[in-house]
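In our numbering, the protein residues as written are 2 to 511.
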């Protein structure tokens, strides 16, 4: 079974929806009629509508090589009696409609136009016509296509092969090359933007294949561009024209340019990174591709571009095209959103809510439901995390994350002796004292702060800098302080007051 590319399948469906017969579609696309029928869901050949001119011919007029007087199956065409007259009209270059009109007016022809058109098609020579070359004026057109880049082998030995974008100015054949990992709309637009900046101007129109990054719906007569690509063209004052599906010769200059770049610049080479490959391509364009004498124009590419085509390019706009994607995302329980298999943090108060996200090639911007910015992150690779320290709740911060100064400050809040002991301990033990600080702060969950303060003072007096020694001091009973006797207290009356009430008990002279 023949397997057709997506563009050809879409072209079959588009032409069928416009009323084209399967015979006509097969002839136009250069494929088998049964293949057209199979992709339209019916194996039998299509029966075209009346008047389409594609009815299967019957009788001797279907094949001029069959003698008209012979015994053949089928009905004889009414046009057979006027074969000589029709032949003269064909030699004069008359259309089938004009021949039909002359037959009716001059020879009282009783048949219909469809029969004449079918008979003319059989008699008319069908020799293949040569292709016609189209050359463009300076600054008029650029052709764009993708090929395969060279292998990129990173430090771990992983091999990846990027895509190769080539943009060719049709008049001078000046080119721009860039390797990229994916053929997304974002990267496609940025590649075109880099090409315009490299040329120092913008061509009047862009000819591209029916790329998914650029064309949203493939249609022979009225293709639908991706909205971002359409806005990009409006920003730069140019027009993008997708080619006819399955017609690579309509952008033959860039087809040859891609092959030239793959075979001359990249074949047999390997690179350690994508950036290294792009640096090599930029140098190759300048030192090799621009200095060559083009086989068709017979002019040096770089000189023809500088002298003739570059001055005719449209000027660049003041700023770059702002490309971004946007959509809603839910905040997970870990305080992150997921975006293209990478994760980005938001403030903890948005956990469980939905936020609005805008992302581009390098940045991710997050907004609340009122479009107030709440987070900004650099793009991460799939599986990566971008977490802002300010988005971590204080109860979820580890002591090591807070730092030694924070822990020493917490110890000083517990008391003067606690602060003095932790400072002296850390000065003596250095990095080893970090874990001692964690253990010391943990004692506050098990013992009263006053008891820890007493133990810290004892340890400070004894020069004990280990947590184990401090815990032993905590286990010792605190010394009982003597209670002082108060001579006067506001709640206790003076004894002289009681003497007035009971004179007999307090008589000083019995």
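No residue lacks a Cβ here, since even glycine has one placed at the ideal position from N, Cα and C.
Any idea if residue i is buried or exposed, counting beta-carbon neighbours within 10 angstroms, 16 or more meaning buried?
{"i": "residue 316", "result": "exposed"}
{"i": "residue 20", "result": "exposed"}
{"i": "residue 372", "result": "exposed"}
{"i": "residue 289", "result": "exposed"}
{"i": "residue 333", "result": "exposed"}
{"i": "residue 33", "result": "exposed"}
{"i": "residue 463", "result": "exposed"}
{"i": "residue 1", "result": "A question about residue 1 goes unanswered here, because the residues of the chain that appear run from 2 up to 511."}
{"i": "residue 222", "result": "exposed"}
{"i": "residue 434", "result": "buried"}
{"i": "residue 211", "result": "buried"}
{"i": "residue 306", "result": "buried"}
Distance check for residue j and residue i, CA to CA, integer angstroms please.
{"i": "residue 143", "j": "residue 220", "result": "21 angstroms"}
{"i": "residue 169", "j": "residue 209", "result": "11 angstroms"}
{"i": "residue 107", "j": "residue 23", "result": "35 angstroms"}
{"i": "residue 176", "j": "residue 195", "result": "12 angstroms"}
{"i": "residue 82", "j": "residue 28", "result": "29 angstroms"}
{"i": "residue 189", "j": "residue 369", "result": "30 angstroms"}
{"i": "residue 153", "j": "residue 266", "result": "14 angstroms"}
{"i": "residue 476", "j": "residue 422", "result": "18 angstroms"}
{"i": "residue 411", "j": "residue 375", "result": "31 angstroms"}
{"i": "residue 320", "j": "residue 330", "result": "30 angstroms"}
{"i": "residue 284", "j": "residue 349", "result": "49 angstroms"}
{"i": "residue 253", "j": "residue 42", "result": "33 angstroms"}
{"i": "residue 353", "j": "residue 244", "result": "47 angstroms"}
{"i": "residue 140", "j": "residue 25", "result": "37 angstroms"}
{"i": "residue 355", "j": "residue 347", "result": "11 angstroms"}
{"i": "residue 454", "j": "residue 389", "result": "37 angstroms"}
{"i": "residue 88", "j": "residue 95", "result": "10 angstroms"}
{"i": "residue 466", "j": "residue 440", "result": "13 angstroms"}
{"i": "residue 6", "j": "residue 291", "result": "34 angstroms"}
{"i": "residue 76", "j": "residue 216", "result": "49 angstroms"}
{"i": "residue 240", "j": "residue 322", "result": "15 angstroms"}
{"i": "residue 278", "j": "residue 271", "result": "8 angstroms"}
{"i": "residue 264", "j": "residue 118", "result": "49 angstroms"}
{"i": "residue 207", "j": "residue 148", "result": "17 angstroms"}
In terms of residues, what are the limits of the beta strand (DSSP E) holding residue i?
{"i": "residue 337", "result": "337-340"}
{"i": "residue 372", "result": "Taken as a continuous stretch (DSSP letters only), residue 372 belongs to no beta strand (DSSP E), as it is neither H nor E."}
{"i": "residue 344", "result": "343-346"}
{"i": "residue 422", "result": "Not the beta strand (DSSP E): residue 422 falls in the alpha helix (DSSP H), residues 417-430."}
{"i": "residue 168", "result": "164-170"}
{"i": "residue 152", "result": "152-154"}
I need the boundaries of the alpha helix (DSSP H) containing residue i, first residue and last residue.
{"i": "residue 187", "result": "186-200"}
{"i": "residue 207", "result": "Where residue 207 is concerned, there is no enclosing alpha helix (DSSP H), although the beta strand (DSSP E) it sits in stretches over 206-209."}
{"i": "residue 288", "result": "Premise fails: residue 288 is in no alpha helix (DSSP H) and is neither H nor E."}
{"i": "residue 84", "result": "84-92"}
{"i": "residue 434", "result": "434-443"}
{"i": "residue 141", "result": "Taken as a continuous stretch (DSSP letters only), residue 141 belongs to no alpha helix (DSSP H), as it is neither H nor E."}
Using the three-state DSSP reduction, which class does residue i fall into: helix, strand or coil?
{"i": "residue 513", "result": "This structure cannot settle anything about residue 513, because the visible part of the chain is limited to 2 through 511."}
{"i": "residue 332", "result": "coil"}
{"i": "residue 241", "result": "strand"}
{"i": "residue 33", "result": "coil"}
{"i": "residue 511", "result": "Note that residue 511 scores a pLDDT of 48, beneath 50, so its modelled location is shaky and nothing firm can be said."}
{"i": "residue 135", "result": "coil"}
{"i": "residue 217", "result": "strand"}
{"i": "residue 306", "result": "helix"}
{"i": "residue 493", "result": "strand"}
{"i": "residue 176", "result": "strand"}
{"i": "residue 352", "result": "coil"}
{"i": "residue 256", "result": "helix"}
{"i": "residue 147", "result": "strand"}
{"i": "residue 468", "result": "helix"}
{"i": "residue 324", "result": "coil"}
{"i": "residue 407", "result": "helix"}
{"i": "residue 270", "result": "coil"}
{"i": "residue 231", "result": "helix"}
{"i": "residue 301", "result": "strand"}
{"i": "residue 386", "result": "strand"}
{"i": "residue 363", "result": "coil"}
Run the proximity test for residue i: is its beta-carbon closer than 8 angstroms to any non-hydrogen atom belonging to the ligand ATP?
{"i": "residue 34", "result": "Looking for the ligand ATP in the displayed structure turns up nothing, as the structure carries no ligands at all."}
With contact counted as at least three CB pairs below 8 angstroms, one residue from each stretch, are the region 113-123 and the region 225-240 in contact? no
Can at least three beta-carbon pairs, one atom from the region 198-206 and one from the region 221-228, be found at a separation below 8 angstroms? no
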